[in-house]
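For reference, the structure discussed in these notes is given below.
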Amino acid sequence: MGVINISFHQAALHDEELRIYEGQFILPNGVYADCNVNAIVAPRSLRDCWQVREKPVLVYIGLRQISHNQNNVTCVAKASEITEQTTRWVSWPTERPVRDLYGNGTEVQLQQMSYNLRFFLHDEIAQLTGYTLLPIGRLRQGSKGIEWDSDYFPPSMTLKAVPWLWQRIDNLCLELTGRLHQFEEFKRPPMVETGELNQRKDILLLAMRTLSRYVIRLQHYKEAQDIHPWKIVGLLKELIAELTCFTDLCSFNGVCQWDNTVAPSYDHHDIAASLKLCERKIMRLLDNLMIKQDNVISFAKQSEGYFSANWRLAPQQNYVAIYLVMRSEQFVQQEYEVPDDRLIKMAAKSQIDTIITRSLAGVRLHYQIIPPQGLPQKMNSRYFKVEERSPAWEEIKNSGNIILHWPEAPEDLQIDLILARSY
542 MGVINISFHQ
552 AALHDEELRI
562 YEGQFILPNG
572 VYADCNVNAI
582 VAPRSLRDCW
592 QVREKPVLVY
602 IGLRQISHNQ
612 NNVTCVAKAS
622 EITEQTTRWV
632 SWPTERPVRD
642 LYGNGTEVQL
652 QQMSYNLRFF
662 LHDEIAQLTG
672 YTLLPIGRLR
682 QGSKGIEWDS
692 DYFPPSMTLK
702 AVPWLWQRID
712 NLCLELTGRL
722 HQFEEFKRPP
732 MVETGELNQR
742 KDILLLAMRT
752 LSRYVIRLQH
762 YKEAQDIHPW
772 KIVGLLKELI
782 AELTCFTDLC
792 SFNGVCQWDN
802 TVAPSYDHHD
812 IAASLKLCER
822 KIMRLLDNLM
832 IKQDNVISFA
842 KQSEGYFSAN
852 WRLAPQQNYV
862 AIYLVMRSEQ
872 FVQQEYEVPD
882 DRLIKMAAKS
892 QIDTIITRSL
902 AGVRLHYQII
912 PPQGLPQKMN
922 SRYFKVEERS
932 PAWEEIKNSG
942 NIILHWPEAP
952 EDLQIDLILA
962 RSY
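The sequence shown: position 393 = 934 (the working numbering), numbered continuously.
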């Protein structure tokens, strides 16, 4: 059971009225109702039935159950007169006579009999008897008036059941595609081949292969639109299981050191929660493969050979390492040798002049022949690990400013500090 497709009348909400253009539903009792074929649903005013506007409210469609002691069909003159009718079916004459499809008989007026669907709010359900109900959405009071809550997905039979369900899957596709592009940086040939680098690169390439396979399948399902959300959640759980193979912090069922819950089961009545939990686990597993650049501190060029930045990390924020990355196209052409901290001086603003004039060492910078795991292997980049256990670094943290001096720096040099988060 669930919503197959529904098109909401958004403008009607400005007049505090519930109305839909069209809808296809499979009700919990198995009835198929199509508002363009065999069903009709009358508009309903919200002015007197939704009192507490600060609290979101679920909206249901309901169909009267068959009665054995009351009428089940109400005949009306035209469809617009069904608003107050409560029977299971309503019937009205067709606007035009219908011709004989199988012979030469005369045209006749036929009675149209349709399921009489009605809107109900969640607060009314407790006192309601004799109806089969299906939630179709949730209303909330927004800054511009009443609106449909895009964070709630009703029980859905397809990805196009409600617009924001398909949009959620589309956003997930875009996010995973972006992560895949990050992994593709490791397809480029490195400048230095070592056994350790090859081993690390192989792991990331295998992870990229896994991710690319599932991204393409997810995009294929998204394009089909008639796919059941159960398939999407199952696909994401498979991706979670495969990604756990690349870390010793997680088990195949999604239980990790940072989250001891298993990968979520599909919940037809709370699809949004199932998707959210899957997305969160997937992103965390991908973060565990790539260094999470929670804080990237960029340097600005002050004058020839001088670059400055502000240290803004809060004391309570944790990180496992700090890397200095330099980017220049002249590194690609090997016009510059790899500099070291005898040529590059990094210190607090209050100390940099003394360090330069006396040829003292500032903050120690250790060149990384093999780029840190999780950072792209780019031909134009050079990585240095910052030595934090030094008085010079403590002065940077206390003063909140950093100066880097390299007299022979390339003209196009860009410098960042990357703070790798701890998990």
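Think of the CB as a built atom: it goes at the ideal place given N, C-alpha and C, for glycine as much as any other residue.
The model shown is predicted, which means the values in this text are computed figures rather than measured ones.
Status (buried if at least 16 other CB within 10 Å, exposed otherwise) for residue i
{"i": "Ile607", "result": "exposed"}
{"i": "Ala574", "result": "buried"}
{"i": "Arg640", "result": "exposed"}
{"i": "Ile687", "result": "buried"}
{"i": "Ala1025", "result": "Nothing can be reported for residue 1025, as the shown portion of the chain is limited to 542 through 964."}
{"i": "Tyr755", "result": "buried"}
{"i": "Leu651", "result": "exposed"}
{"i": "Glu737", "result": "Legend: pLDDT at Glu737 = 44, less than 50; position of this residue unreliable, value from coordinates given subsequently. It counts as exposed."}
{"i": "Arg899", "result": "exposed"}
{"i": "Ile623", "result": "buried"}
{"i": "Leu884", "result": "exposed"}
{"i": "Ile781", "result": "buried"}
For residue i, three-class secondary structure by DSSP
{"i": "Phe872", "result": "helix"}
{"i": "Glu625", "result": "coil"}
{"i": "Glu936", "result": "helix"}
{"i": "Leu706", "result": "helix"}
{"i": "Leu738", "result": "Note that Leu738 scores a pLDDT of 47, beneath 50, so its modelled location is shaky; the value from the coordinates is reported in the next line. The answer is helix: DSSP assigns Leu738 an H, G or I state."}
{"i": "Ile885", "result": "coil"}
{"i": "Trp852", "result": "coil"}
{"i": "Ala667", "result": "helix"}
{"i": "Lys701", "result": "coil"}
{"i": "Gly686", "result": "strand"}
{"i": "Asp800", "result": "strand"}
{"i": "Arg905", "result": "coil"}
{"i": "Glu716", "result": "helix"}
{"i": "Met867", "result": "strand"}
{"i": "Ala862", "result": "strand"}
{"i": "Pro731", "result": "Legend: pLDDT at Pro731 = 49, less than 50; position of this residue unreliable, value from coordinates given subsequently. If DSSP states are grouped into helix, strand and coil, Pro731 belongs with coil."}
{"i": "Cys525", "result": "The chain is shown from 542 up to 964; residue 525 falls before or after that span and cannot be answered."}
Own chain residues within Cβ distance below 8 Å of residue i, not counting five before or after
{"i": "Pro913", "result": "Ile832, Ala862, Tyr864, Tyr924, Lys926 and Ala961"}
{"i": "Ser548", "result": "Ile561, Tyr562, Glu563 and Gly564"}
{"i": "Arg709", "result": "Phe694, Ala813 and Leu816"}
{"i": "Thr895", "result": "Leu901"}
{"i": "Tyr601", "result": "Phe660, Phe661, Leu662, His663, Ile666, Leu674, Leu675, Pro676 and Ile677"}
{"i": "Glu669", "result": "Checking the displayed sequence, the identity of residue 669 turns out to be Leu instead of Glu. Gly603 and Phe661."}
Element boundaries [beta strand (DSSP E), containing residue i]
{"i": "His946", "result": "Asn942 to His946"}
{"i": "Cys616", "result": "Val614 to Cys616"}
{"i": "Pro634", "result": "Trp630 to Pro634"}
{"i": "Asp575", "result": "Tyr573 to Asp575"}
Nearest neighbour of residue i, chosen from the options [CA to CA]
{"i": "Glu563", "options": "Pro569, His550 and Asn570", "result": "His550"}
{"i": "Gln626", "options": "Val600, Leu651, Gln650 and Asn657", "result": "Asn657"}
{"i": "Met654", "options": "Gly686, Tyr643, Thr673 and Ala620", "result": "Ala620"}
{"i": "Arg594", "options": "Arg930, Asn801, Ile943 and Arg679", "result": "Arg679"}
{"i": "Glu870", "options": "Pro805, Ile956, Tyr847 and Thr898", "result": "Ile956"}
{"i": "Pro597", "options": "Ala553, Arg681 and Thr785", "result": "Arg681"}
{"i": "Leu818", "options": "Ile773, Tyr672 and Glu952", "result": "Ile773"}
{"i": "Ala850", "options": "Val544, Lys938 and Ala618", "result": "Lys938"}
{"i": "Trp852", "options": "Trp934, His722 and Asp894", "result": "Trp934"}
{"i": "Ile893", "options": "Val600, Ile943, Lys919 and Glu929", "result": "Ile943"}
{"i": "Leu752", "options": "Glu783, Arg637 and Ala765", "result": "Glu783"}
{"i": "Arg825", "options": "Met887, His946, Gly795 and Tyr601", "result": "Gly795"}
{"i": "Ser931", "options": "Val703, Arg905 and Ile911", "result": "Arg905"}
{"i": "Gly775", "options": "Asp808, Ile666, Cys590 and Lys919", "result": "Asp808"}
{"i": "Gln798", "options": "Pro770, Arg605 and Asn829", "result": "Asn829"}
{"i": "Gln723", "options": "Trp705, Leu827 and Cys786", "result": "Leu827"}
{"i": "Glu936", "options": "Arg883, Asn921 and Gly903", "result": "Gly903"}
{"i": "Lys701", "options": "Gln592, Val572, Ile757 and Pro770", "result": "Pro770"}
{"i": "His761", "options": "Ser792, Asp789, Trp707 and Lys822", "result": "Trp707"}
{"i": "Glu779", "options": "Phe872, Ile823, His810 and Ala765", "result": "Ile823"}
{"i": "Leu721", "options": "Asp692, Pro704 and Ile757", "result": "Ile757"}
{"i": "Leu587", "options": "Ile581, Ala618, His555 and Asn577", "result": "His555"}
Boundaries of the alpha helix (DSSP H) in which residue i is found, first to last residue
{"i": "His555", "result": "Gln551 to His555"}
{"i": "Asp828", "result": "Ile812 to Leu830"}
{"i": "Ser891", "result": "Lys890 to Thr898"}
Neighbourhood of residue i by C-beta distance below 7 Å, restricted to the same chain and skipping five residues each side
{"i": "Trp630", "result": "Asn613, Val614, Met654, Ser655, Tyr656 and Asn657"}
{"i": "Asp711", "result": "Lys763"}
{"i": "Met542", "result": "Ile567, Leu568, Pro569, Leu675 and Pro696"}
{"i": "Lys842", "result": "Phe848"}
{"i": "Ser839", "result": "Ala850 and Asp957"}
Cutoff 6 Å; reference residue i; Cβ partners in own chain excluding five residues on either side
{"i": "Asp767", "result": "Thr699"}
{"i": "Gln759", "result": "The question names Gln, but residue 759 is Leu in the sequence shown. Only Cys714 meet the Cβ criterion."}
{"i": "Arg585", "result": "Leu559 and Phe660"}
{"i": "Gly603", "result": "Arg659, Phe661, Tyr672 and Leu674"}
Any non-hydrogen atom of the ligand NAP within 8 Å of residue i CB
{"i": "Ile959", "result": "Summarising the ligand content, the structure contains no ligands, and the ligand NAP is consequently not present."}
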